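Asks: Before anything else, here's the structure in question.
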Amino acid sequence: MDAFVLLGSFIALILIGMPVAYALGLSALIGAWWIDIPFDALMIQVAGGVNKFSLLAIPFFVLAGAIMAEGGMSRRLVAFAGVLVGFVRGGLSLVNIVASTFFGAISGSSVADTASVGSVLIPEMERAGYPREFSTAVTVSGSVQALLTPPSHNSVLYSLAAGGTVSIASLFMAGIFPGLLLSAVMMGLCMIFARKRNYPKGEVIPLRQALKIAGDALWGLMAMVIILGGILSGIFTATESAAIAVLWSFFVTMFIYRDYKWRDLPKLMHRAVRTISIVMILIGFAASFGYILTLMEIPMKITTAFLTLSDNRYVILMCINVMLLLLGTVMDMAPLILILTPILLPVIIGIGVDPVHFGMIMLVNLGIGLITPPVGAVLFVGAAVGKVTIENTVKALLPFYAALLLVLMLVTYVPAISLWLPSMVL
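Heads up: take any position in the sequence shown, counting from 1, add 1, and you land on our numbering.
Below you can see the structure in the form of structure tokens.
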């Protein structure tokens, strides 16, 4: 009955259109009232949920990504990707994936990736003869890797939701190979389409021009080197690397590229603060919701239910994958990470799955949800940027969904893809 009151009230509030963050907080209040817990204790959990030093990484990475997205960095990364792969058949579709890989490794945001790379490349691909629906599908699906590769905001959220038992640095390292695998599979699919549909080849860029383009892009790519190099060398933590990323992106945007106007900075800061405020409210209310979940022993009951279902870890992982894929289509990624991680972590530990490995499984699953209707935030952004209907975008995405599911199966059932690099460097 306890679970019915807590989860039932949360689902009911979502169904009547209440924002997820407030639905979490209000359902936690209802649950506290039901089991006779003082509301003061709940408020302490809300305050404690956001009073963590590691959480500073989120606002810093959000701000750094916003500066990079609007400061001309995406255009230079697209040009550099064109130097690397633009000369092969279907080169512009490959440029799209490579540019998303570069930009995702700097911004850590699929939405920023889709908006910035898509605004540059979708019109360019259409002029070169690619269907606009295909161009949008490539942009949207390629941006999923930004959720995996450092500095992924969602890895920080998973570490927080796991109670700090999983280090952010381990998650950052674990996401590199899955992210590169996803990009490689997407590129392979694009090359198949290019050969089948006879998409055009690009031109080989002369060496002198290529060196100039690479030099321009290098300033942006240095952000990735600073973030990863600083963490791996032990010079600074993941949180400190986020602050350094802000300083570097500001310096490059305002003093090297000089494409962004000083008078536009307050608007950029306002947008970043709004995004950060939403995330922090969500984290605080999710902490109170998780507290009530624990008091009601719901995670333990769910663990028992899964282990009763089967004692085979592969079967349980498949069931969890199906559940995450379905939930990812109806809820956004951040609240699902914060709600489901405390519930599922005992299950996966019970079947002998490494929490770092499970973090990658969860991120791939929920990343697919972000480009799947009816509540796919990245899908909506891509369709808006590409000026294509949701229906046509989803039709063009069908082969890419299959490729993403292949990546999900590989990440789920080949733990070394996620765990080899952290075990080597940390």
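In this text, a Cβ means the ideal position worked out from N, Cα and C, and glycines have one as well. None of these values were measured; they are calculated from a predicted model.
Measuring only between beta-carbons, confirm whether Leu-25 sits less than 8 Å from chain C.
Replies: This model lacks chain C altogether, as it is built from one protein chain only.
Asks: DSSP on Arg-76, reduced to helix/strand/coil?
Replies: helix
Asks: Looking only at C-alpha atoms, which of Ala-4, Val-63, Ile-12 and Leu-57 sits nearest to Trp-35?
Replies: Ala-4
Asks: Would you say the beta carbon of Gly-329 comes nearer than 7 Å to a heavy atom of the ligand MN?
Replies: Ligands in the displayed structure: none, and consequently the ligand MN is not present.
Asks: For Ser-117 and Leu-296, I'd like the C-alpha separation in whole angstroms.
Replies: 44 Å
Asks: Report the CB separation of Ala-147 from Thr-394 in whole angstroms; it is logged as a contact under 8 Å.
Replies: With 8 Å as the limit, Ala-147 and Thr-394 do not qualify as a contact, their Cβ atoms being about 18 Å apart.
Asks: Alpha carbon to alpha carbon, how far is Ala-224 from Ile-193?
Replies: 33 Å
Asks: Nearest to Ile-59 by alpha carbon, out of Leu-283, Val-157 and Ile-279?
Replies: Val-157
Asks: Using a Cβ distance threshold of 8 Å, determine whether the stretch 10-28 contacts the stretch 301-314, with at least three qualifying pairs required.
Replies: Contact between the stretch 10-28 and the stretch 301-314 is absent: fewer than 3 CB-CB pairs across the two stretches fall below 8 Å.
Asks: Which one of Phe-286, Leu-269 and Val-96 has the shortest CA to CA distance from Ile-45?
Replies: Phe-286
Asks: Look at Ala-162 and Pro-343 and say whether their C-beta atoms are less than 8 Å apart.
Replies: yes
Asks: Whose C-alpha, out of Ala-417, Asn-322 and Val-186, is nearest the C-alpha of Phe-401?
Replies: When each option's Cα is compared against that of Phe-401, the closest is Val-186.
Asks: Suppose you measure from the CA of Ala-218 to the CA of Val-253; what does that come to, to the nearest Å?
Replies: 11 Å
Asks: Measure the Cβ-Cβ separation of Pro-283 and Ala-246 and say whether it is below 8 Å.
Replies: In the sequence as presented, Pro is not what sits at residue 283; that position holds Leu. No, the Cβ-Cβ distance between Leu-283 and Ala-246 is not below 8 Å.
Asks: So what's Arg-128 in DSSP terms, helix, strand or just coil?
Replies: Here Arg-128 sits in helix by DSSP.
Asks: From Gly-180 to Gly-73, what does the alpha carbon distance come to, in whole angstroms?
Replies: 24 Å
Asks: Nearest-angstrom Cα distance between Phe-237 and Met-69?
Replies: 21 Å
Asks: Can you grab the Cα-Cα spacing for the pair Glu-71 / Pro-347, in whole Å?
Replies: 41 Å
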